[in-house]
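Chemist:
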Amino acid sequence: MNANGYIPRRAMSIYAHPDDQDFTVAGTLAKWARLGSEIISVVITSGDSGSNDPAMDGAHKKDLAALREKEQLAANAVLGVRETVFLRYPDGELEPTVPLRKDLTRLIRQFKPDTVLTGNPEAWFYGDEYVNHPDHRAAAQAACTAVFPSAGTRLIFTDLLAAGYEPHEVKRLYIHGTEEVNTWVDITETLELKIKALQQHVSQVDPKEVEKWMREWAEEEARGQEMKYAEAYKVMILKKDEVEAG
Ligand SMILES: [Zn+2]
6 MNANGYIPRR AMSIYAHPDD QDFTVAGTLA KWARLGSEII SVVITSGDSG SNDPAMDGAH
66 KKDLAALREK EQLAANAVLG VRETVFLRYP DGELEPTVPL RKDLTRLIRQ FKPDTVLTGN
126 PEAWFYGDEY VNHPDHRAAA QAACTAVFPS AGTRLIFTDL LAAGYEPHEV KRLYIHGTEE
186 VNTWVDITET LELKIKALQQ HVSQVDPKEV EKWMREWAEE EARGQEMKYA EAYKVMILKK
246 DEVEAG
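So in our numbering, spot 47 of the sequence shown is number 52, and the numbers just go up one at a time.
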């Protein structure tokens, strides 16, 4: 499936750390934002463990979180994200708990995205040099379970219902970082924005170096497709659109 004709009215990205979204799905978000989608960016932790500087200790975590939130807001401004939500769970300790699933369910019911984008809850290893961060897997698992069944099922989390959060059915779930790809989004025109978004995370990446990797990764993800740069997904269509946009 080459889903370049598909533009959700509203899309929500759900990731564990500031910068995760920008390493992975930012080209798609920027593309959809330019085409009129409202994008909501949910960041579950504020990346407060994201430093191995010997001068840093527990007392610096709050400052680091504040800095990383600022970086994410700058990145999201580049991408054209409408709304950014920080849930402020502790970085490095994330588990796919019911309270996290409930927080994500609340956000899905509040913002009512047609599409949710997240990572791969099954990914333990990428290549032979990177053990996937457990927070990434936890975030992806909680996101998938919030999408289905929690967000759309009336009697799951009745306290949310009592607080006015009516059920909402997400139509499409975009899983990034999987080998079971069935959909390629052409990001040739928004790769520059993806790179620029990533360059806002100055505490995490060398802005001079990210460009090269991002081009390589996007080229890799487009392999075999008629496009130069892509982001590749397993897309689950949970509910068909009334008017199928292709
Ligand atoms: Zn991360």
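Positions of the beta carbon are idealized from the N, C-alpha and C atoms, including for glycine. Since this is a predicted model, take the numbers as computed values, not measurements.
Taking one C-beta from the segment 197-208 and one from the segment 66-84 each time, how about it: are there three or more such pairs within less than 8 Å?
Modeler: Taking 8 Å as the limit for Cβ pairs, the verdict is that the segment 66-84 does touch the segment 197-208.
Chemist: Measuring straight from C-alpha to C-alpha, what distance separates tryptophan 315 and methionine 61?
Modeler: An answer regarding residue 315 cannot be provided, because it is not within the stretch 6 to 251 covered by the chain.
Chemist: Evaluate the contact criterion for the segment 211-226 versus the segment 33-41: three or more CB pairs, one atom per stretch, below 8 Å.
Modeler: Contact fails: fewer than three Cβ-Cβ distances are below 8 Å.
Chemist: Flag aspartate 25 as yes when its Cβ comes closer than 6 Å to any non-hydrogen atom of ligand 1, and as no otherwise.
Modeler: Flag set: Cβ of aspartate 25 near ligand 1.
Chemist: Could you compute how far the alpha carbon of aspartate 68 sits from the alpha carbon of serine 56?
Modeler: Cα to Cα, the separation comes out at about 11 Å.
Chemist: Between glycine 173 and ligand 1, is the CB less than 6 Å from at least one heavy atom?
Modeler: Before going further, note that residue 173 is histidine rather than glycine in the sequence given. No, the Cβ of histidine 173 stays beyond 6 Å of every heavy atom of ligand 1.
Chemist: List, from N- to C-terminal side, the beta strand (DSSP E) runs of 3 residues or more that fit wholly inside the segment 170-236.
Modeler: If we require 3 residues or more, the beta strand (DSSP E) runs fully inside the segment 170-236 come out as 177-181, 188-191.
Chemist: Less than 7 Å separating the beta-carbons of proline 118 and arginine 39?
Modeler: Cβ atoms of proline 118 and arginine 39: not closer than 7 Å.
Chemist: Check the C-beta distance from leucine 198 over to leucine 84 and give it rounded, since I have them as a contact under 8 Å.
Modeler: About 6 Å; that satisfies the 8 Å criterion.
Chemist: On a Cα-Cα basis, can you pick out the residue from Arg142, His22, Ala147, Arg111 that is closest to threonine 102?
Modeler: Among Arg142, His22, Ala147, Arg111, the Cα nearest to that of threonine 102 is on Ala147.
Chemist: Does ligand 1 have even one heavy atom less than 6 Å from the beta-carbon of histidine 22?
Modeler: Yes.
Chemist: Taking DSSP's pairing of strands, which residues face valine 90 in a bridge?
Modeler: Bridge partners of valine 90: Val47.
Chemist: In terms of DSSP beta bridges, what is phenylalanine 130 paired with?
Modeler: In the DSSP output, where bridge partners are listed per residue, phenylalanine 130 has Val136.
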